[in-house]
Ligand SMILES: Cc1ncc(COP(=O)(O)O)c(C=O)c1O
Ligand SMILES: Cc1ncc(COP(=O)(O)O)c(C=O)c1O
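Chains as they are written, first to last, in the numbering used here: chain A, 167 to 576; chain B, 167 to 576; chain C, 155 to 317; chain D, 155 to 317.
Next up, the structure:
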């Protein structure tokens with residue numbers, strides 16, 4: 167099955183929008199946030215126009231229907247990542263909250279001063295700062311798997327690094343380099359050392375067929391808005407035994423079984439970790455996004471991105487040669503559709519600004535991975551990233567706009 | 167200015183939906199969650215169809231536009247509650263997260279074992295459980311302002327209760343009794359005792375003209391979905407000095423200025439407290455909700471609800487007399503449009519179930535206020551609550567359906 | 155989906171005149187509380203197990219017609235039964251109720267088969283009147299509250315005997 | 155809103171040939187770092203204040219054309235000025251930039267007036283080329299980064315002298 171990109175593009179209303187310059191929108195920033203197909207927008211609008219009510223507590227018809235829609239979305243999302251029982255699927259506001267939840271609830275219950283946590287040098291701030299906060303608060307020791315010069319993690323010291331650690335948290339795909347990390351290998355090593363494994367799947371789940379069991383994850387976090395879904399929704403999957411043994415994270419309605427003036431009893435999973443009114447419409451939207459991706463087929467999504475990334479790497483090399491440095495692994499099969507680059511000595515910020523004149527949207531900056539930037543010895547990159555609605559003409563538009571940028575600054 | 171309810175109703179698409187029984191939807195559960203006007207749905211759809219991109223980091227046009235829309239929503243929301251600088255307005259996922267943010271970030275920095283926090287017996291779990299968790303974690307002492315038999319807080323012991331407390335957290339309006347609490351008086355007393363004042367405005371901000379300064383609040387939390395806005399968005403307002411002195415709450419992207427492998431520096435307000443991709447579309451929707459309410463005029467909204475609540479109290483008393491117990495203050499001017507009641511000896515759950523047959527939606531249960539239920543000596547109430555789209559015919563429909571309920575169970 | 159499917163006559167009868175309401179002294183009886191976090195219903199089951207038999211059982215607490223009548227019928231159904239028999243009734247009842255809830259489990263098909271097998275084991279009699287609850291998903295937890303509480307009670311009674 | 159509004163010739167010139175780049179030994183010079191958390195730009199300002207005068211000033215770090223040229227022009231503008239004069243230039247420059255940012259403040263009108271007054275105080279000269287940045291709100295923080303850093307440096311130099 168291959169992706170019919172022309173048909174896919176028709177499903178995304180924003181791609182039809184008029185641009186100031188008269189051209190078309192060339193959206194190459196899906197690693198920051200993806201666009202949304204009509205079906206996702208319709209599912210949310212339909213929900214609000216026919217069914218909205220607060221969930222889990224209402225007896226009347228539309229409240230029951232809203233609850234059913236939300237729990238169906240939970241089932242769908244669980245199946246999408248190969249989860250077991252749906253109560254292992256917890257909804258939060260974004261991927262960042264999910265990782266904070268693990269750091270807080272699992273961390274505070276299981277980590278003491280001096281305990282070690284193993285991360286990598288390529289993590290997004292979302293999988294760094296929560297652990298840095300635990301370092302400050304509890305005095306845990308943080309270790310890092312380094313980045314090799316080939317754009318892959320350098321695992322040569324893994325056995326030493328993992329020795330005695332209580333938890334390993336690793337991204338499945340770098341949002342800067344595109345690097346696909348050997349999650350399973352790291353997880354097996356971590357488990358052999360008795361550690362719990364947290365996988366940041368924010369960049370992985372939207373782009374590759376995902377099975378949390380095959381990855382060897384104990385926790386797996388991702389975010390809706392990068393997966394064709396709405397903003398305001400993140401997903402944490404965790405193993406039942408671990409989730410049950412954890413104290414709650416946020417306190418409030420929904421997450422309790424009983425509340426007294428002198429104490430409370432938490433609710434069962436998954437609600438124990440869902441305090442307050444959940445992002446109801448957003449779960450419905452995410453469910454529709456998962457439906458959309460499954461109809462395309464995640465194998466086809468991945469195949470398309472490998473192909474397009476290959477085309478991009480070849481095109482950029484051919485057109486810009488030594489004027490361009492592309493970071494990360496060179497083989498499309500070893501990476502996602504995320505291309506961070508340096509071009510001549512033009513600052514990424516300026517590149518992005520000038521590309522915008524041609525309707526080409528790329529991100530410039532540290533991409534919430536400042537330690538990785540320091541490791542690469544740079545302050546920022548320009549980054550083009552692809553998704554189901556991108557095709558070779560977008561890559562060509564990027565290359566043409568880069569020529570214009572070079573002309574402007576020379 | 168009075169509310170033209172018939173015109174308002176036309177703005178809410180869900181009120182037109184077909185009901186199984188053939189009747190109309192009589193939605194009397196706005197205290198749990200309000201319905202949304204077309205303009206809110208349109209604002210979000212338009213956002214996704216023309217402007218979506220991740221905010222704050224993008225240089226290109228649509229990212230800049232998305233950032234502008236989000237920050238405009240912040241300004242609007244700030245003006246709506248009479249806030250000062252917009253950096254005092256922090257977006258979270260719901261009202262519950264806002265209160266957890268205060269309990270965690272302010273609480274951990276300022277409270278020690280043995281310190282006292284003053285709450286009330288009528289709080290929603292969202293303003294109880296975060297403090298109960300601090301009690302468990304830090305050993306703080308919790309005190310409670312009791313409920314008087316007139317449905318108002320009993321302030322006779324306030325001076326004693328407030329003595330030596332570090333923080334007072336109080337709801338501005340009970341979600342069960344409708345009681346409007348004397349927030350200003352409590353705040354002044356608390357400030358005189360050197361305490362910080364947290365106001366749970368989840369039920370207040372949607373229904374009354376709100377000015378955080380006049381209320382005497384140091385922190386004020388509310389939630390979008392009860393205020394004609396979407397799910398997935400909550401708002402915390404706090405005073406600059408307090409917010410600046412607090413450590414961050416969740417860690418990740420957006421909330422940092424710098425991240426190193428051995429530490430991080432938080433960002434400035436408000437982003438310091440907004441980790442990860444924010445609920446962008448939801449802030450836009452909330453901004454549209456605020457526009458809608460301001461066009462109606464909050465004075466008119468309040469006047470309409472006082473009038474309708476008065477009509478409801480009179481109608482129910484006239485039609486059901488001693489068969490019905492209504493909880494909370496008897497004067498419409500002293501309460502919001504929330505009517506919790508017991509009817510004959512029919513369990514609230516059963517009432518709600520049978521009312522649903524007539525398309526009448528009321529909530530049944532403890533309304534996330536179990537300590538208040540225990541105080542009232544009951545397990546649950548049925549609760550009808552009003553908003554801008556309700557009118558006297560809805561009250562009549564409720565009364566008719568209650569007659570049918572009584573017939574069914576007798 | 156009329157209300158009559160939910161509120162069968164026999165249910166309303168048990169609600170109006172609950173059987174086995176009251177308390178037992180504990181100890182020797184086991185006392186277990188159950189909460190429905192969604193609506194605030196509370197059930198207290200007092201359980202007297204002697205020589206492997208549910209010698210006596212009383213129900214306290216308060217709740218809606220479904221939770222109260224389910225508890226009342228449950229008490230009538232298990233009183234005098236051996237512990238294994240009582241457990242079989244619990245399984246059968248929960249299987250009847252799970253026909254809707256199983257959607258929440260990943261392995262829907264297996265669960266449906268298992269439920270059918272467990273229901274075949276035992277005659278539920280009057281309790282079958284509660285089958286209509288399955289069509290009102292929010293109320294399933296009302297119906298199962300007392301049963302989960304009883305199950306916990308049997309576990310505790312077993313542990314007490316063993317210990 | 156063309157790119158020429160943003161990238162004026164004089165800006166590109168300062169970007170290509172930045173003035174006053176380098177380091178000063180610290181101490182005696184004050185060394186202050188500034189970050190733009192959004193894009194990763196970093197500025198280091200080395201500041202040598204003697205007898206109330208900005209005797210020397212050097213700029214390190216890396217960033218985009220706007221942040222670098224702004225820093226370069228800033229260095230040229232304040233070197234040799236007295237501390238109060240330097241502070242007046244900072245105020246005037248930030249006022250020019252705030253014409254967009256003030257939207258974020260509640261009291262928009264007051265702020266606009268205040269900004270106009272502060273800009274009137276000082277001749278910004280070449281720095282006025284950066285006015286076009288105001289139309290590209292995301293870039294305002296690029297332009298103001300070095301100025302905020304300088305301001306912090308003057309505060310620290312003042313404190314060091316006082317202490
Ligand atoms: C690798 C990675 N992890 C985590 C996140 C955080 O996701 P969110 O911003 O939705 O919380 C992102 C995206 O920003 C990411 O790229
Ligand atoms: C008084 C009160 N406080 C707090 C909340 C919590 O709001 P949310 O559920 O949106 O977090 C609610 C509503 O559920 C409420 O009624």
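Even glycine gets a Cβ: it sits at the ideal position worked out from N, Cα and C.
Because the structure is a prediction, the values reported are computed rather than measured.
Contact set for residue i: own chain, Cβ-Cβ below 7 Å, skip 5 residues either direction
i	result
residue 415 of chain B	267, 270, 271 and 439
residue 398 of chain A	259, 445 and 448
residue 183 of chain A	191
Cutoff 6 Å; reference residue i; Cβ partners in own chain excluding five residues on either side
i	result
residue 231 of chain A	217
residue 293 of chain C	220 and 287
residue 352 of chain B	336
residue 575 of chain B	512
residue 262 of chain B	292
Proximal residues of chain B, C-beta to C-beta of residue i below 7 Å
i	result
residue 216 of chain C	545
residue 169 of chain D	Those within 7 Å of residue 169 of chain D in chain B number zero; the least Cβ separation is about 16 Å.
First and last residue of the uninterrupted alpha helix (DSSP H) at residue i
i	result
residue 538 of chain A	536-542
residue 125 of chain A	Outside the displayed span of chain A (167 to 576) sits residue 125 of chain A, for which this structure offers no information.
residue 235 of chain C	Per DSSP, residue 235 of chain C belongs to no alpha helix (DSSP H) and is neither H nor E.
residue 213 of chain A	204-216
Contacts that residue i makes with chain A (C-beta to C-beta distance below 7 Å)
i	result
residue 294 of chain B	425
residue 260 of chain B	442 and 443
residue 347 of chain B	Going along chain A, no residue has its Cβ under 7 Å from residue 347 of chain B, so there is no contact; the nearest lies around 18 Å.
Residue range of the unbroken beta strand (DSSP E) whose run includes residue i
i	result
residue 506 of chain B	504-509
residue 432 of chain A	429-432
residue 529 of chain B	529-531
residue 403 of chain A	400-404
residue 332 of chain A	331-337
Same chain, Cβ closer than 8 Å to residue i, five either side skipped, listed in chain order
i	result
residue 174 of chain D	211, 212, 213, 226, 229, 230 and 233
residue 354 of chain B	382
residue 108 of chain A	As shown, chain A starts at 167 and ends at 576. That puts residue 108 of chain A outside it, with no answer to give.
Under 8 Å by beta carbon: chain D residues contacting residue i
i	result
residue 520 of chain A	157
residue 433 of chain B	191
residue 574 of chain A	157 and 161
Interface partners of residue i on chain D, CB under 9 Å
i	result
residue 516 of chain A	161, 169, 218, 219 and 220
Neighbouring residues, chain B, relative to residue i (Cβ below 8 Å)
i	result
residue 553 of chain A	Under the 8 Å cutoff, chain B gives no residues; its nearest Cβ is about 13 Å from residue 553 of chain A.
Neighbour list for residue i in chain D, Cβ cutoff strictly below 7 Å
i	result
residue 369 of chain A	Result: empty, since nearest Cβ-Cβ is about 19 Å, beyond 7 Å.
Neighbouring residues, chain C, relative to residue i (Cβ below 7 Å)
i	result
residue 513 of chain B	217, 218 and 219
Within chain B, partners of residue i - CB distance below 9 Å
i	result
residue 183 of chain A	215, 216, 217 and 228
Is the number of C-beta pairs between the region 222-238 of chain D and the region 527-536 of chain A that are closer than 8 Å three or more?
-> no
Can you list, in chain order, the residues of the region 526-542 of chain A whose Cβ is nearer than 9 Å to any Cβ on chain D?
-> 530, 531, 532, 533, 536 and 539
Inter-stretch contact at 8 Å, needing at least 3 Cβ pairs: the region 209-220 of chain D / the region 162-181 of chain D | yes
Between the region 277-295 of chain D and chain B, which residues of the former have CB atoms less than 8 Å from a CB of the latter, in chain order?
-> 290, 291, 292 and 293
Output, in sequence order along the chain, the residues in the region 403-419 of chain B whose CB is closer than 7 Å to any CB in chain A.
-> 416, 417, 418 and 419
Output, in sequence order along the chain, the residues in the region 183-209 of chain C whose CB is closer than 8 Å to any CB in chain B.
-> 192, 193, 194, 195 and 196
Closer than 8 Å, Cβ to Cβ, to anything on chain D: give me those residues from the region 196-208 of chain A, in chain order.
-> none
Using 8 Å as the Cβ pair cut-off and three pairs as the minimum, do the region 487-505 of chain A and the region 542-562 of chain A touch?
-> yes
Contacting positions in the region 218-235 of chain A - beta carbon closer than 8 Å to chain B | 218, 219, 220, 223, 224, 225, 226, 227, 228 and 229
Selection of the region 383-401 of chain A by Cβ proximity to chain C, strictly under 7 Å | none
The region 367-386 of chain A contacting the region 336-351 of chain A, beta-carbon criterion three pairs below 8 Å = yes
Taking contact to mean at least 3 C-beta pairs separated by less than 8 Å, is the region 457-469 of chain A in contact with the region 418-437 of chain B?
-> no
Sufficient close CB pairs (3 or more, under 8 Å) joining the region 450-467 of chain B to the region 238-255 of chain B = yes
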